[in-house]
Structure formats: C-alpha cells, structure tokens
Amino acid sequence: MVHGEAWTIKDLFVLPNEYVYWSIQIVLYPYMTGLVAGAFVLSSLYHVFGVEKLKEIARFALVFSFALLPVAMMPLMLHLQQPLRGIHVMMTPHFTSAISAFGIVFLTYGCIVASEIWFVYRKFIVESIERLEKKQRRGIESLMLMIYKVISLGARDISPEALEADHKAIKFLAGLGIPVACFLHGYAGFIFGSVKANALWMTPLMPVIFIMSAVVSGIALCILCYAIFMWLRRWALKRGKTFFIPEQVAGTMEISDAQLRDVQTYETRMTSKYLLIFMTLAITLELLDIIFRGYTAVKSWDILRQVIYEHDFVKIFILQYGIGNALPFLMLLLPGLTTRRACLASILVLFGVLMMRWNVVIGGQAFSLSFAGFMHYQLPIIPYSLETFKEGLGGALMVAVTPFVIFYFLNMIFPAFYSEEEAH
Amino acid sequence: MKRRDFLKNTAVFITGASVSLSALELVDPKEVLASRPDLRWGFLVDTYKCVGCGMCVKACKLENDIPYDANVTRTWVERYVIMKSGEVVKDSPKGARDGFTSKLVDQGESGPRLLRDKEIAQGFFVPKLCNHCTLPACVQVCPVGATYSTADGVVLVDRKWCIGCGYCIMGCPYGVRFFHPVVHTADKCTFCYHRITKGGNTACAQACPFGARRIGNLRDPNDPVAKEVLNGRVGILRDEYGTKPNVYYIGLNKEVH
Numbered sequence: 032m033v034h035g036e037a038w039t040i041k042d043l044f045v046l047p048n049e050y051v052y053w054s055i056q057i058v059l060y061p062y063m064t065g066l067v068a069g070a071f072v073l074s075s076l077y078h079v080f081g082v083e084k085l086k087e088i089a090r091f092a093l094v095f096s097f098a099l100l101p102v103a104m105m106p107l108m109l110h111l112q113q114p115l116r117g118i119h120v121m122m123t124p125h126f127t128s129a130i131s132a133f134g135i136v137f138l139t140y141g142c143i144v145a146s147e148i149w150f151v152y153r154k155f156i157v158e159s160i161e162r163l164e165k166k167q168r169r170g171i172e173s174l175m176l177m178i179y180k181v182i183s184l185g186a187r188d189i190s191p192e193a194l195e196a197d198h199k200a201i202k203f204l205a206g207l208g209i210p211v212a213c214f215l216h217g218y219a220g221f222i223f224g225s226v227k228a229n230a231l232w233m234t235p236l237m238p239v240i241f242i243m244s245a246v247v248s249g250i251a252l253c254i255l256c257y258a259i260f261m262w263l264r265r266w267a268l269k270r271g272k273t274f275f276i277p278e279q280v281a282g283t284m285e286i287s288d289a290q291l292r293d294v295q296t297y298e299t300r301m302t303s304k305y306l307l308i309f310m311t312l313a314i315t316l317e318l319l320d321i322i323f324r325g326y327t328a329v330k331s332w333d334i335l336r337q338v339i340y341e342h343d344f345v346k347i348f349i350l351q352y353g354i355g356n357a358l359p360f361l362m363l364l365l366p367g368l369t370t371r372r373a374c375l376a377s378i379l380v381l382f383g384v385l386m387m388r389w390n391v392v393i394g395g396q397a398f399s400l401s402f403a404g405f406m407h408y409q410l411p412i413i414p415y416s417l418e419t420f421k422e423g424l425g426g427a428l429m430v431a432v433t434p435f436v437i438f439y440f441l442n443m444i445f446p447a448f449y450s451e452e453e454a455h
Numbered sequence: 272m273k274r275r276d277f278l279k280n281t282a283v284f285i286t287g288a289s290v291s292l293s294a295l296e297l298v299d300p301k302e303v304l305a306s307r308p309d310l311r312w313g314f315l316v317d318t319y320k321c322v323g324c325g326m327c328v329k330a331c332k333l334e335n336d337i338p339y340d341a342n343v344t345r346t347w348v349e350r351y352v353i354m355k356s357g358e359v360v361k362d363s364p365k366g367a368r369d370g371f372t373s374k375l376v377d378q379g380e381s382g383p384r385l386l387r388d389k390e391i392a393q394g395f396f397v398p399k400l401c402n403h404c405t406l407p408a409c410v411q412v413c414p415v416g417a418t419y420s421t422a423d424g425v426v427l428v429d430r431k432w433c434i435g436c437g438y439c440i441m442g443c444p445y446g447v448r449f450f451h452p453v454v455h456t457a458d459k460c461t462f463c464y465h466r467i468t469k470g471g472n473t474a475c476a477q478a479c480p481f482g483a484r485r486i487g488n489l490r491d492p493n494d495p496v497a498k499e500v501l502n503g504r505v506g507i508l509r510d511e512y513g514t515k516p517n518v519y520y521i522g523l524n525k526e527v528h
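Chains as they are written, first to last, in my numbering: chain A, 32 to 455; chain B, 272 to 528.
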C-alpha cells in the first residue's frame with residue numbers, strides 16, 4: 032500500500048499522487064516543540080524579567096521543559112520514511128530548507144536549557160555529593176552519588192563569589208534562551224508558512240501564530256502538571272511515600288501539607304494571569320488570519336472557505352475556538368479562581384492548541400491542489416502495520432506519555448520542587 | 272619537529288591534498304557534459320493530440336519500476352469535461368493507467384457520475400508530469416539536498432540520501448511527487464534521465480501513439496520542441512508559483528492549472 036493511502040479518503044477530483052502525507056505525528060511535532068518553548072518562556076519570566084511571583088513554578092517549568100525536549104524530536108523520527116537517515120539533516124544541512132535548521136536550532140536550544148539547569152542546580156549537586164559521601168549509602172544512593180559526581184563536572188566551588196557567577200550565568204542563559212526558544216518554534220511555523228503550494232499554510236503570520244500558541248500551551252501544561260505534581264506530593268506526604276518527594280529523601284527540605292497547598296494555589300493563580308495575556312494575543316492573531324483571508328479573497332479562498340466553514344466547521348469553530356479558547360478564557364477571567372478551575376481551563380487550553388495544530392496540519396491537506404477535491408483524514412486507531420502504529424493513535428500516545436516518564440526520572444536528579452532561600 | 276613546523280607542514284599538506292582532490296572532480300567528464308550551457312531539457316505536451324489512452328502512464332510505470340497497481344504514478348492524464356452549464360468535471364482514475372473508456376466520471380467518495388452527452392459542451396485530456404522547474408520548490412525545501420537539479424535542467428532524487436520527510440511532496444505545487452511504495456523515498460518523473468542522457472527518448476513519449484508528448488533541447492534552435500516553444504503559442508501550468516516550469520502545453524484551457 033502507498034504511504035498515506037491507509038488513512039486518506041478522497042472525494043471529487045484529487046490528483047493521483049495526493050494523500051494526507053503529514054498526519055498525526057506532524058500535528059504533534061509543532062505541539063511538542065510548542066510545549067518545550069512555552070515552558071521555557073514561563074521559566075524565563077522569573078529568571079530574566081524577575082517576576083518574583085513565578086519563582087516556584089519557574090524551576091519546575093525549566094526542568095519540565097528539559098524533559099519535554101527529547102520528545103520534540105520523537106514525532107519527526109516516527110514520521111520519517113527513513114528514520115535511520117535522520118542524521119543526514121545534521122551531516123548535509125541544506126540551508127534553503129526550513130527543516131534543515133531543526134538539528135542546529137534544536138541542539139543549540141538543548142545546550143542552553145541543559146547549561147541553565149546545570150547552573151541552577153550546581154549548588155544542590157555539590158551539596159548532595161558532600162551529603163551522600165558522608166552517609167552510609169544504600170544501592171540507589173551510590174548510583175545517585177555517581178551521577179552527581181559526573182554531572183558536577185568537577186566544579187565543587189560553592190563560595191558566595193562562585194554562586195554569584197552562577198546567578199549571572201543563569202540570567203544570561205535564560206535571556207539567550209528566549210529568542211532561541213522563539214526561533215525554535217517560529218521556524219516550526221515557518222516550515223508550514225513557507226510552503227507556497229499550500230493555500231492554507233502560506234502566510235507570514237504562521238510563525239508568529241505558532242509562537243503565541245506555543246507559549247499558551249506551554250504555560251497551560253505547566254499549570255496543569257504543577258498542580259498535579261503538587262497534589263501527588265501532598266498525597267505522598269500524608270502517607271509517607273517519599274519517593275515522590277526526592278528533596279525530602281535528600282533531607283534538604285522539611286515541608287508541610289498546608290505550606291504545599293498555599294504555594295500551589297498562589298502559583299496557579301499568578302501563572303493563570305500570564306496565560307490570559309498570551310491567550311489574548313494568540314486568539315487575536317488567529318482570527319486576524321481568517322478575517323484577512325476572507326477580506327482579500329484570492330483565488331484559493333473558494334476552496335479554503337469550504338474547508339473552514341463547511342468541512343472543518345466543528346473542528347475549528349466549536350472545538351478549537353469554542354471549547355479550546357473562549358470557554359477557558361472565561362473560566363480564567365471569572366473571579367475567585369481555584370486550582371481546580373485553573374486546571375480544567377488549562378486542559379481545555381491544551382486541547383484547543385492541539386486542535387489548532389490539527390486544523391492547520393490536517394486542514395491544510397484537506398483540499399486538493401486541483402482546488403476541486405477534498406481529502407478526509409481518518410486517524411488509524413487499531414494498527415495493522417508498523418506504519419499505521421507510528422502514524423496512528425498508538426504512536427501519538429507514545430509521544431504524549433514519554434515526557435512524563437522522562438520527567439519522573441529527571442526529577443530524581445534535579446528535584447523540580449526543591450526550594451530554598453538561596454534558590455534561583 | 273617543532274610545533275610551529277608541524278602546524279605549517281600540516282596546513283601545506285591539507286591545502287595540497289584538497290587542491291589535487293578538487294582537480295580530480297573538475298575533470299569528471301559527466302559533469303562537464305551536463306554543464307554544457309547549450310543543453311536544457313524541455314517537454315512539450317500537445318493537448319489537442321491526446322486521446323486519453325493511458326499508454327504513456329503504463330509505459331512510465333513499467334519503465335521506472337513503479338508498482339503497477341500502486342495508486343501513485345510519475346505521470347498521469349486528466350480528463351476535463353465542461354458542461355453547457357459551465358460546470359467543470361474532472362477525473363483521473365488510477366492516473367488514467369487503463370485509459371478513459373467509460374462515460375462514468377470518477378468522483379472519489381461521492382461515487383461515479385454519468386454525464387449526459389447533450390449536456391456536454393467540450394471535453395479534452397491533459398497529460399501531466401513533473402515540470403522540472405528552473406526554480407524548483409522541492410529542491411529549495413529538501414533538508415538534506417537529496418532532491419537536486421542537474422546542470423541540464425532535470426530535477427532528480429537521490430534515493431540513497433532521501434530521509435523521507437515529505438517536505439518536497441508538500442512543497443511541489445503540481446502534486447507530482449509521492450513516496451515510492453517499495454524504496455520508501457520521495458519519487459517523481461526524471462524525464463527518463465537514464466534514457467535521454469544516452470540519446471534515447473522518454474518512455475512516455477515513445478509510447479504515445481499520437482505524438483502528444485515530446486522531449487527536446489530548448490537551447491538548440493533547430494530542435495523541433497524548441498522551435499515549437501519559441502514560435503508557437505504555448506502555456507505552462509501554475510505560473511503564479513514562480514517555479515518556471517519546463518513542461519510546455521499546446522492548447523491549454525483556463526480550466527487547467
């Protein structure tokens with residue numbers, strides 16, 4: 032069977048070679064990169080702009096962004112027809128292609144996040160080494176000691192001068208990270224926006240729209256996960272299950288349930304305000320795009336109108352704008368915001384952004400280049416081949432679950448909730 | 272040896288080695304031949320002569336090892352039926368591999384549609400293939416340079432280097448590209464490069480019983496194709512994308528793009 036045939040239904044006149052080639056994994060690719068970039072921007076709000084109110088969530092956002100990082104690459108690898116040749120993008124980058132920037136920008140960004148985390152946690156790493164060296168170690172602790180020794184890179188100086196230098200480095204890296212994160216996601220938008228053959232994608236607004244919705248989705252995911260992990264920690268604290276609270280195992284923090292609850296509520300409320308700001312920008316830009324297309328109404332508008340107002344009406348106006356944008360916007364705007372409501376709104380926002388990616392990626396392929404036919408995409412749910420697994424529900428779930436698995440292990444080494452007076 | 276000397280010698284060695292290696296490349300006879308500025312392949316399609324028999328599609332599939340029953344093809348023929356009401360009905364079932372032998376028009380999911388003779392104003396066939404553009408969008412977007420233009424104006428895909436991302440398929444405004452179902456890399460018409468570079472004809476042009484398809488050298492003023500392109504009234508597809516196609520059409524209607 033030809034690639035794409037398994038999930039494409041053709042209607043009216045569609046060119047013989049046309050299929051939905053970019054399917055669910057390419058929906059997830061900008062979604063995941065968006066989450067990475069968004070989470071990083073959230074953490075930078077504290078580090079660079081000194082938004083003290085976001086202090087607690089900033090550290091979590093940074094570690095979570097690092098956990099999300101490898102997952103941004105996963106959908107691409109799953110989607111490639113020749114995944115083993117993915118490295119060719121690094122070996123022979125072809126600079127007129129937007130995708131060829133991926134490897135370079137992605138690596139640069141990865142290095143920035145990794146170094147920032149290193150500087151943020153350097154003091155903690157050194158202290159952990161000292162603490163564990165003195166202690167009678169169990170199996171896992173010996174392993175941790177080894178890991179800490181390796182990642183400390185031998186920099187064991189925690190004098191006030193050294194820590195001051197760390198502070199400076201963090202600020203610099205966080206500052207540098209913002210444009211790189213925006214670039215990382217902006218060019219993901221550029222990949223689509225520069226496809227001149229596709230009437231829906233071809234707009235210079237695309238990178239900007241992508242950046243805005245990226246920040247929105249990143250912040251929403253941080254709010255949601257922060258709250259969930261805080262709930263987990265409170266649950267674990269009551270039952271003495273310390274493996275959920277690595278910093279307590281480490282003996283660096285004494286925490287109480289009431290403290291946790293206060294922090295959770297405060298951080299969620301504060302972050303929700305920033306979510307609202309970025310949502311306003313994202314929605315405005317997306318609506319501007321549609322209005323502009325309708326107003327200028329070039330040749331392709333005929334078929335675009337049919338896709339937007341007929342074929343994809345429910346997906347765009349009900350699911351994306353209604354349930355994914357307007358509803359959570361109202362929920363966040365109403366007074367007396369609780370953590371539960373903020374979480375529910377965040378879930379809806381995440382869904383809205385996913386639908387936006389879906390409507391762009393799949394919607395852009397919903398009409399034929401002949402401007403006379405349509406293609407419907409059916410997500411493969413039950414896989415009967417490797418291809419239908421990779422580009423089906425199974426592959427999508429795999430991509431969605433991986434960051435949490437990575438975060439669980441990463442949190443063991445870099446406790447995302449670890450907090451102290453001197454913390455950055 | 273002193274460190275300074277070592278560095279100096281290394282630099283001299285590397286420079287010398289790279290110069291001699293590049294010299295080897297310069298005298299590659301194939302490249303010299305291909306870079307001749309007096310060779311530029313062009314294709315001419317005469318839509319008045321096409322009857323939609325599909326021999327070209329069949330020949331292309333067999334010549335270029337595109338699985339016969341796979342629903343992708345390097346070239347295809349479109350049928351246009353313009354109704355008296357002004358409505359345009361088009362189809363190309365299986366790329367017209369088996370020719371148009373029925374009055375039923377394939378409308379995909381909407382099912383076949385039977386057109387009544389008395390409602391039809393005109394009907395014609397338009398063969399399509401890769402336009403081997405002078406400014407190809409596919410070459411521009413390929414992240415690894417696996418899709419490239421040769422010096423004589425043919426756009427090719429390196430099957431050993433293509434990563435299968437599909438960016439070229441998305442970037443092509445003509446929908447001529449697809450994933451080869453066996454080798455799993457991007458695929459498209461090559462103007463039968465393996466034949467034309469040896470003085471042969473393309474498989475589709477050779478198979479066409481009516482001479483609706485012809486290939487020639489656009490830089491040779493005595494070439495019949497070049498003469499037609501220069502002196503006749505020919506059109507190209509989707510000029511608005513600025514890709515500067517090298518496939519020219521005689522009798523192009525406004526319904527075709």
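From the three backbone atoms N, C-alpha and C, an ideal C-beta is built for every residue, glycine too. No experiment lies behind these values; they were computed from the predicted model shown.
| Asked | Found |
| --- | --- |
| Using the rule of at least 16 other Cβ atoms within 10 Å of the residue's Cβ for burial, across every protein chain shown, is glutamine 393 (chain B) buried or exposed? | exposed |
| Determine, using beta carbons only, whether alanine 427 (chain A) and leucine 59 (chain A) come nearer to each other than 8 Å. | yes |
| Quick check on the DSSP output: the beta strand (DSSP E) that includes glutamine 393 (chain B) runs from which residue to which? | 391 to 399 |
| Should valine 453 (chain B) go down as buried or exposed, given a rule of 16 or more other Cβ atoms within 10 Å for buried? | exposed |
| Near phenylalanine 481 (chain B), which residues of its chain fall below 6 Å by C-beta distance, leaving aside the five closest residues on each side in sequence? | Lys320 |
| Just to confirm, are valine 45 (chain A) and glycine 513 (chain B) a CB contact at a threshold of 8 Å? | no |
| Could you confirm whether any beta carbon from chain A is found closer than 8 Å to the beta carbon of asparagine 342 (chain B)? | yes |
| Given a threshold of 16 other Cβ atoms within 10 Å of its Cβ, counted over all protein chains shown, does methionine 32 (chain A) qualify as buried or as exposed? | exposed |
| Candidates A:His342, A:Ala92, A:Ser225, A:Gly353: which alpha carbon is nearest leucine 318 (chain A)'s? | A:Gly353 |
| From the DSSP output, read off the bridge partner residues of glutamate 49 (chain A). | Note: glutamate 49 (chain A) sits in no beta bridge, so no partner. |
| Along the segment 433 to 450 of chain B, where does the CB come closer than 8 Å to a CB of chain A? Name the residues. | Cys433, Ile434, Gly435, Cys436, Gly437, Tyr438, Ile440, Met441, Gly442, Cys443, Pro444, Tyr445, Gly446, Val447, Arg448, Phe449, Phe450 |
| Based on Cα-Cα distance, which residue from B:Val505, B:Gly506, B:Val518, B:Asn524 lies nearest to tryptophan 312 (chain B)? | B:Val518 |
| Tell me whether leucine 319 (chain A) sits in a helix, a strand or coil according to DSSP, three-state version. | helix |
| Using a C-beta cutoff of 8 Å, does glutamine 393 (chain B) count as contacting chain A? | no |
| Is the Cβ-Cβ distance between valine 426 (chain B) and valine 410 (chain B) less than 8 Å? | yes |
| Chain A partners of threonine 456 (chain B), CB-CB under 8 Å? | Gln112, Gln113 |
| Using only the alpha-carbon positions, how far apart do leucine 176 (chain A) and glycine 217 (chain A) sit? | 40 Å |
| Who are the neighbours of proline 446 (chain A) on chain C, taking C-beta pairs under 7 Å? | Looking at the structure shown, chain C is missing, and the protein chains on hand are A and B. |
| Just list the residues that DSSP pairs valine 348 (chain B) with in beta bridges. | B:Pro398 |
| Mind listing the chain B neighbours of histidine 119 (chain A)? Cutoff is C-beta to C-beta under 7 Å, in chain order. | Val415, Trp432, Ile434 |
| If I measure Cβ to Cβ from isoleucine 376 (chain A) and keep anything under 7 Å in the same chain, skipping five residues before and after, which residues do I get? | Strictly speaking, residue 376 (chain A) in this sequence is alanine, with isoleucine absent from that position. Once the five neighbours on either side are set aside, the close Cβ partners of alanine 376 (chain A) are Pro359, Met362, Leu363. |
| So, helix, strand or coil for tyrosine 77 (chain A), using DSSP? | helix |
| Valine 53 (chain A) versus chain B: which residues are under 8 Å apart at the beta carbon? | According to the sequence provided, residue 53 (chain A) is tryptophan. The question's valine does not apply to it. Those are Gly437, Met441, listed as they occur along chain B. |
| Closest Cβ-Cβ distance between lysine 361 (chain B) and chain A: below 8 Å? | yes |
| Roughly how many whole angstroms lie between the Cα atoms of isoleucine 521 (chain B) and aspartate 317 (chain B)? | 5 Å |
| For a quick check, are the C-beta atoms of valine 360 (chain B) and arginine 384 (chain B) less than 8 Å apart? | yes |
| With a threshold of 16 other CB atoms inside 10 Å of the CB of tyrosine 77 (chain A), please say whether the residue is buried or exposed. | buried |
| Do serine 183 (chain A) and isoleucine 148 (chain A) have their CB atoms nearer than 8 Å? | no |
| Is it true that the CB of serine 96 (chain A) sits closer than 8 Å to the CB of alanine 132 (chain A)? | no |
| Identify whether threonine 459 (chain A) lies in helix, strand or coil by the three-state DSSP scheme. | Limits of chain A in this structure are 32 at one end and 455 at the other, which puts residue 459 (chain A) out of reach. |
| Figure out for me which residue from B:Asp336, B:Gly366, B:Phe462 has the closest Cα to the Cα of arginine 350 (chain B). | B:Gly366 |
| Identify each residue in the segment 35 to 68 of chain A for which the Cβ-Cβ distance to at least one residue of chain B is less than 7 Å, and report them in chain order. | Glu36, Ile40, Lys41, Asp42, Leu43, Phe44, Val45, Leu46, Pro47, Asn48, Glu49, Tyr52, Trp53 |
| Examine chain A for any beta-carbon lying closer than 8 Å to the beta-carbon of serine 381 (chain B), and answer yes or no. | yes |
| Roughly how far, in whole angstroms, is the beta-carbon of histidine 125 (chain A) from the beta-carbon of valine 415 (chain B), given that I think they are within contact range, below 8 Å? | 6 Å |
| Is the segment 322 to 341 of chain A in contact with the segment 367 to 387 of chain A, if contact means three or more CB pairs nearer than 8 Å? | no |
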